[in-house]
Amino acid sequence: MIELPSGGAGLHSSHVQHNDATFWMTQDAHRKLLAVRAPTTHHFPIPFDGEPRALNDNRVLTLCPLTAHNARALRAAVPWLKPVRLGLQTSAGFGDRLGLATVGHIRALRAARAENLAPIFAQQSIRENARTGRTPPGVLDDATWGAFQAGWKSAVGADADHLKTTDDLDACVAAEYSFYTIDPGEYVNSAADRASATELRHFVDLLPWQELEGTPRDLATRYAGKTVRLETRNLKPETDDLLRAAAKYGRALAHVAKMYRHLTSTSVEFELEVSVDETETPTTHVEHYYFASELKRLGVPFISLAPRYSGRFEKGVDYIGDLDAFERDLAVHAEIARCLGPYKLSLHSGSDKFSVYEIAMRQARGLVHLKTAGTSYLEALRTVAQIEPELLRAIYAFAREHYAADRATYHVSAQLARAPLGDALSDADLPALLNQFDARQILHVTYGSVLNARDATGKARFKEEMMAFLRANEDAYAANLEKHFVRHLKPFAANNPL
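The sequence shown begins at 1 in this note's numbering and counts up by one.
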């Protein structure tokens, strides 16, 4: 027996008509299905794989499982579900480590009246994919089904996040991503921050100048002593500042250019973000100017740039630092971006940074890309805590055991000694664990260990039970996501008075 879409407050709000075909999400007793009704003579770009049933009006109803093939067919048949370039529109990336959060993200966009925001529902780094066992095509397919189920009918992007190698690029090109975030962090020479003038000149002499299409002398002729007129101030790079910028970022520039040229050799239509946020020290204004200017000179167009800002953008918690100093710093970065671009400033590790959103929107005048990821996983755990507290206690105890090792690749400062013990909290108090600074970060960075944990028989300790729970309680999960993300999105809404 096939059920009709529930509509109203339910999650199945999809019902799309396009090119004389109708599509909607339905379900039988066991699973969700895609229903496609079309004339018997209709030809889809990619045929759907399912069970066709002839109707009385010379039409066919095909009930399709939610497979990778049918996700590709749906994107080909319904054009707004296929990722496209989003340009300079204010945008937000909704990283989803479990593949079940898109419906809640869309509910939040609507509740915040932020439909003006260009969304990227498919956003996952290669590091995250390795730790979750997912793939670039799978991430995109999960986002497609979620967007379709929620009735999203505007443009979307798909972010292949923190790519480091051409192999990373190829995997995401094959899946037809539209937004590529290049992370050259491994090529940034942080020793330049502490180097002497002699050491800096040595670092610069050793740069791959053939790839950079220049010589060390070009630094002085292009930039040294020249005044860069910004809107409210001037920037005058001195020789030592430029040497330090080149020593620090020269190899990173060569790597970004290599990655960009590899992308241009494919047939994919794309836009580029460059990320240097995961470095040891903040990006100075001279370094930003040098880095962006050199990308332009090398013929590498980019839509957004993620410097490392002043203060601390730690995972899963609000900004840590002096907000006045942050605003002064960001204001200059924004002026440089408008002078050399315009391009957007990207806020990486942007989850839960509620104190900086309005500052970023105001200073960048809407040229902002917000990137979130782990906070949606935390809302999944909040949902578990509310309904299955013993499962959350087990996950949290395991996370505490693995935090010391898992924190190594993340910017976090949580301490086990400050985090409450799960057994010390009542069931009613357990969801509040997701509001405590240290517990949030402990749970945030241990997701890979939790999802990959196995018992002595090789069976998943947590993943299968948690995924089954979230599927059975998808409305509760979506409601938590909606409540949490409204706070993220309201400062970026078009009607927000800045």
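Every residue, glycine too, gets a C-beta built ideally from N, C-alpha and C.
For F302, the three-state secondary structure derived from DSSP is coil. Going by DSSP, V60 is part of the beta strand (DSSP E) stretching over R59 to P65. In the structure shown, E238 adopts coil according to DSSP, grouped into three states. Each residue's CA atom was taken as its position, placing H30 and Q363 some 50 Å apart. Judged by DSSP in its simplified three-state form, W152 adopts coil rather than helix or strand. 7 Å or more divides the Cβ of L425 from the Cβ of A112.
Fully enclosed alpha helix (DSSP H) runs of no fewer than 4 residues occupy 68-77 of the stretch 61-96, in order along the chain. By the neighbour-count definition (other C-beta atoms within 10 Å, threshold 16), N129 is a buried residue.
Closest in C-alpha terms to P79, from the list T67, P45, K483 and R328, comes P45. Where T281 is concerned, there is no enclosing beta strand (DSSP E), because DSSP gives it neither an H nor an E.
Membership of F179 in any alpha helix (DSSP H) is not indicated; the residue belongs instead to the beta strand (DSSP E) covering F179 to I182. Secondary-structure assignment with DSSP links W24 through a beta bridge to A35.
Remark: C-beta atoms of A71 and D170 do not approach each other more closely than 7 Å. For the 7 Å CB-CB criterion, A337 and L345 form a contact.
Within the stretch 385-457, the runs of alpha helix (DSSP H) that reach at least 4 residues and sit entirely inside it are, in chain order, 389-406, 437-445 and 447-452. V36 places its beta carbon 7 Å or farther from that of T67.
The alpha-carbon separation between T264 and H42 amounts to approximately 35 Å. Put simply, the stretch 273-287 touches the stretch 298-317. At least three CB pairs are less than 8 Å apart. For A197, the enclosing alpha helix (DSSP H) stretches over residues A197 to D205.
Per the coordinates, the alpha-carbon of R244 lies some 8 Å from the alpha-carbon of A197. Between R107 and E474, the gap from beta carbon to beta carbon reaches 7 Å or more. Under the three-state reduction of DSSP output, I46 falls in the coil class, being neither helix nor strand. As computed with DSSP, I336 is found in no beta bridge at all. Around the C-beta of P389, 16 or more other C-beta atoms lie within 10 Å, and the residue is accordingly described as buried. Collapsing the DSSP output to three states places T375 in a helix.
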